[in-house]
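Visitor: Mind having a look at this structure? Questions to follow.
There are 2 protein chains.
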Amino acid sequence: MTTQRQWLINGQPRGRAVTEDDFLLHEAELAPLASGEARVRVQILSFDPSQKGQMENVGYAAATGIGQVMTARGIGEVVESRCESLKVGNKVIGQLGWQEFATVSPTSASVVPDDELLTARLGPLGGTGLTAYFGLLRNGHPEPGDMLVVSGAAGATGSVVGQIGKMMGCTVVGIAGGQDKCAWLTDDLGFDAAIDYRGESVKARLKQLCPQGVNVFFDNVGGTILNDVLARIALHARVVICGGISRYQADVLPPGPANYMNLVFMRATMSGFLMTDYAAESPQALERLTAWVREGRIRYREDMQEGFERIPATLLRLFSGENFGKQLLRL
Amino acid sequence: MTTQRQWLINGQPRGRAVTEDDFLLHEAELAPLASGEARVRVQILSFDPSQKGQMENVGYAAATGIGQVMTARGIGEVVESRCESLKVGNKVIGQLGWQEFATVSPTSASVVPDDELLTARLGPLGGTGLTAYFGLLRNGHPEPGDMLVVSGAAGATGSVVGQIGKMMGCTVVGIAGGQDKCAWLTDDLGFDAAIDYRGESVKARLKQLCPQGVNVFFDNVGGTILNDVLARIALHARVVICGGISRYQADVLPPGPANYMNLVFMRATMSGFLMTDYAAESPQALERLTAWVREGRIRYREDMQEGFERIPATLLRLFSGENFGKQLLRL
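Right, here's the structure in full:
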């Protein structure tokens, strides 16, 4: 074993959709380890919409360039080590990238227990869980009795947002694409209602489900869904912008929500956040999220794809909405 | 004197521009006064963009209907009275309407001193001053050293916002239409810079004037100006939506700001407010504003038109940007 396969970035999808052609399959030599490094066999990769932003080299994510291995968080096993704290056989989590083997150090990867929550650390007990937690609590300021609406509700972030909202005594309405996702929200996660934006009029259903207006809206989608919810916000509503998945693959920057002036009439707030701003509080948040997952108060679903060759196609599932739950892939 | 002239609402300009045809000149009998009422000769009328919203019967303003006298705040003199607290000869301020004589009571009009600040009570010492005060302080949260950008900066609200910002140690950039307005902002009001959106590229000038980004944006305009400023907001910026004058005369609801996702990257907030929410604190705010005006720390400018027959045309000046300072009309 002296070589490995990698997926390199082959294009910068700025102002256009990312496609499989933006990645190039590459065979690389395995370099010898330096002191303090370990070699990790990549086992599971995590997929996130922000990865497209990284490839564009705009926005908040760390820049990546053409010809580099595509970055991605993942879980793997140490197979060779010149580092005391990373032992052969250890499971690690970190920025492993789209490749069969990653060279890591204790600053780029952490050892995690090989237990039943292993993959949850890429989802509800990882960045998506923290995004849900801090976005909802620190920006949404939900109160018992509030009407909380979540878009992208069956996604990794949205599903946690809705469940925390239920724990806090909110009435929770999820917006998702497809009847199976909607059924999961109401039957398994305890959402009060779900709107299938593919089969129903979001506008009409919101009117029916939220007669007093929407107090908190957690938006992962943007586009007409954001605009339709803005039309129904309640006095002093908090609109939390987490993402805009409907916009990311557009060739031309889509317009913003025409109904933004409703923020004035309703004395409401629309705000953005990044979970990285809450690093100091993340250990406490993860402790709470872990307890809630163990107690079954937060449930999650993984969409596990298979095979190294399917990595680029798996990223695209996020933008078409094909993924059902946290998108992962087992190499 | 048994009759008077009035301007009645003759159309609901919803989804289209308001025009002079939306008003109908009418001759009405002067009704006898009931006990507790007084008759006021209307002397000065105040004009505000929200008056179009009132005519549309949407949004926050009190509904008005076709055939009613157009509502408006104004100043007048009591000419006949059956009310102890409203004496003949008193100057009063209140909802007088587009008519030569208004019938008022102590709940709809207040006696004001007939001093040099009389008309200022329709501007910097009235609703527009309070809008500037509470919008900037309670929603913009300006800090010394902040870059504060104001659109509609030569207007009644924007000019007060910028001057309060200067008092607080902000660097203040105003956006206004025309070189004369821009010169007034920098030469008379002490703004650090002004951008003439009619003659300059707002985008290019913002880049030049705000290299560290915009900490507080107070928006009266919307449209491309809002979008261009959103592209340059600083970390944790506060975008205060006060109005959207560029949108009010559109036949189709214009799109929102495409750059709203920058709220996420910059962890920023966009919020709306109405000054009526701060009624409890308005007396204190008016005391402060009055002191600042008397001390010359807040200067204002009035655009005084003349003549009853020119009332409808004067309202339209707000939407074309012809007004320079607080729009008033002397009957």
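Here the protein sequences line up with chains A and B, keeping their order.
Start counting the first sequence at 6; every next residue gets the next number (my numbering).
Start counting the second sequence at 6; every next residue gets the next number (my numbering).
Think of the CB as a built atom: it goes at the ideal place given N, C-alpha and C, for glycine as much as any other residue.
Since this is a predicted model, take the numbers as computed values, not measurements.
(1) Would you be able to state if there are at least three C-beta pairs under 8 Å between the region 83-99 of chain A and the region 35-51 of chain A?
(2) So for Y65 (chain A), helix, strand or coil by DSSP?
(3) Taking its Cβ as the centre, do 16 or more other Cβ atoms sit within 10 Å of K331 (chain A), making it buried, or is it exposed?
(4) For L323 (chain B), which residues of its own chain have a beta-carbon under 8 Å away from its beta-carbon, when the five flanking residues on both sides are left out?
(5) Which same chain residues end up closer than 6 Å to F28 (chain B) when comparing Cβ atoms and leaving out the 5 residues on each side of it in sequence?
(6) Please confirm whether Y65 (chain A) has its beta-carbon closer than 8 Å to some beta-carbon of chain B.
(7) Can you give the beta carbon distance from G163 (chain B) to V154 (chain B), rounded, assuming they're within the 8 Å contact cut?
(8) How close, in whole Å, do the beta carbons of W189 (chain A) and A159 (chain A) come, if the pair is a contact with beta carbons under 8 Å?
(9) Find the residues of chain A that neighbour A273 (chain B), judging by a C-beta separation of less than 8 Å, and give them in chain order.
(10) Does A239 (chain B) come out as helix, strand or coil in the three-state DSSP assignment?
(11) Using only CA atoms, which one of B:G326, B:L235, B:A125 lies nearest to T295 (chain B)?
(12) Grab the span of the alpha helix (DSSP H) containing L323 (chain B) for me, first residue to last.
(13) Thinking T274 (chain B) and S113 (chain A) are a contact (beta carbons under 8 Å), I'd like their distance in whole angstroms, please.
(14) Taking only beta-carbon atoms, is Y283 (chain B) less than 8 Å away from chain A?
(15) Give me the subset of the region 231-258 of chain A whose CB atoms are less than 8 Å from a CB atom of chain B, sorted by chain position.
(16) I'd like the list of long-range same chain contacts for M117 (chain A), defined as Cβ closer than 8 Å, with 5 residues on each side in sequence excluded.
(17) Check whether the Cβ atoms of V244 (chain A) and I246 (chain B) lie closer than 8 Å to each other.
(18) Measuring alpha carbon to alpha carbon, tell me which of B:A33, B:G312, B:T229, B:A290 ends up nearest I180 (chain B).
(19) Based on Cα-Cα distance, which residue from B:V83, B:N264, B:G134, B:P216 lies nearest to Q350 (chain B)?
(20) For Y138 (chain B), decide whether its Cβ has a neighbour in chain A, counting only Cβ atoms nearer than 8 Å.
(21) Once DSSP output is grouped into helix, strand and coil, what is the label at Q11 (chain A)?
(22) Based on DSSP bridge pairs, tell me the residues matched to A33 (chain A).
(23) Report yes or no: do the region 170-180 of chain B and the region 192-200 of chain B share at least 3 C-beta pairs separated by less than 8 Å?
(24) Assuming V45 (chain A) and P147 (chain A) form a contact by the criterion Cβ under 8 Å, report the distance between their Cβ atoms to the nearest whole angstrom.
(25) Starting from the N-terminal side, write out each stretch of the alpha helix (DSSP H) that is 4 residues or longer and does not extend beyond the region 136-202 of chain B.
(26) Once DSSP output is grouped into helix, strand and coil, what is the label at K92 (chain A)?
(27) Can you confirm whether M280 (chain B), when its beta carbon is compared against all beta carbons of chain A, has any partner nearer than 8 Å?
(28) Going by Cα to Cα distance, which pick from A:D120, A:L214, A:R210 is closest to G151 (chain A)?
(29) Going by other Cβ atoms of all chains shown within 10 Å of its Cβ, with 16 needed for buried, is N328 (chain A) buried or exposed?
(30) Should D233 (chain B) be labelled buried (16 or more other beta-carbon atoms within 10 Å of its own) or exposed?
(31) How about Y305 (chain B): is its C-beta nearer than 8 Å to some C-beta of chain A?
(32) Should K57 (chain B) be labelled buried (16 or more other beta-carbon atoms within 10 Å of its own) or exposed?
(33) So which of B:S206, B:Y138, B:G167, B:P111 has the shortest CA-CA distance to G183 (chain B)?
(34) Looking at the structure shown, is I71 (chain A) part of a helix, part of a strand, or coil, going by DSSP?
(35) Determine, using beta carbons only, whether A263 (chain A) comes closer than 8 Å to chain B.
Guide: Taking the structure as given:
(1) Output reads yes: the region 83-99 of chain A touches the region 35-51 of chain A.
(2) Its pLDDT being 48, under 50, Y65 (chain A) is placed unreliably by the model, and nothing is read from it.
(3) By the 10 Å Cβ count, K331 (chain A) comes out buried.
(4) So the qualifying residues of the chain are F52, D53, P54, I250, Q332.
(5) Around F28 (chain B): W12, N15, P317.
(6) For Y65 (chain A), the predicted structure reports a pLDDT of 48, less than 50, and the residue's modelled location is therefore unreliable. A value from the coordinates is still provided. Output row for Y65 (chain A): interface = yes.
(7) The beta-carbon distance between G163 (chain B) and V154 (chain B), rounded to whole angstroms, is 10 Å. This is too long to meet the 8 Å contact definition.
(8) So it is a contact: roughly 6 Å between Cβ atoms.
(9) Residues of chain A passing the Cβ test: S276, G277.
(10) A239 (chain B): strand per DSSP, three-state reduction.
(11) Here the closest residue by C-alpha is B:A125.
(12) Here the alpha helix (DSSP H) through L323 (chain B) covers 316-325.
(13) T274 (chain B) to S113 (chain A), Cβ: 34 Å. No contact.
(14) Chain A places no beta carbon closer than 8 Å to that of Y283 (chain B), leaving this residue out of the contacts.
(15) When CB distances to chain B are screened at a threshold of 8 Å, the residues of the region 231-258 of chain A falling below it are N232, I246, C247, G248, G249, R252, L258, in chain order.
(16) The residue asked about is misnamed: residue 117 (chain A) is Val in this sequence, not Met. Cβ within range, chain order: I80, K96, V97, I98, L123, R126.
(17) Against a cut-off of 8 Å, the Cβ pair of I246 (chain B) and V244 (chain A) comes out as no contact.
(18) Taking I180 (chain B) as reference, the option from B:A33, B:G312, B:T229, B:A290 with the minimal CA-CA separation is B:T229.
(19) Since the first residue of chain B shown is 6 and the last is 336, residue 350 (chain B) is not available in this structure.
(20) Output row for Y138 (chain B): interface = no.
(21) In the three-state reduction of the DSSP assignment, Q11 (chain A) falls in the strand class, which pools E and B.
(22) Paired residue(s): A:Q9.
(23) Output reads yes: the region 192-200 of chain B touches the region 170-180 of chain B.
(24) About 39 Å separates the CB atoms of V45 (chain A) and P147 (chain A); that is not less than 8 Å, and the two are not in contact.
(25) Fully enclosed alpha helix (DSSP H) runs of no fewer than 4 residues occupy 161-172, 184-188 of the region 136-202 of chain B, in order along the chain.
(26) Coil at K92 (chain A), not helix or strand.
(27) Not closer than 8 Å to any Cβ of chain A, the Cβ of M280 (chain B) fails to qualify, so no.
(28) At residue 151 (chain A) the sequence reads Asp, which differs from the Gly that was named. It is A:L214.
(29) Answer is buried; the Cβ neighbour count reaches 16.
(30) By the 16-neighbour rule on beta-carbons within 10 angstroms, D233 (chain B) is buried.
(31) No, no contact with chain A.
(32) Burial call: buried.
(33) In terms of CA proximity to G183 (chain B), B:S206 leads the group B:S206, B:Y138, B:G167, B:P111.
(34) Three-state result, I71 (chain A): coil.
(35) Yes, A263 (chain A) counts as interfacial toward chain B.
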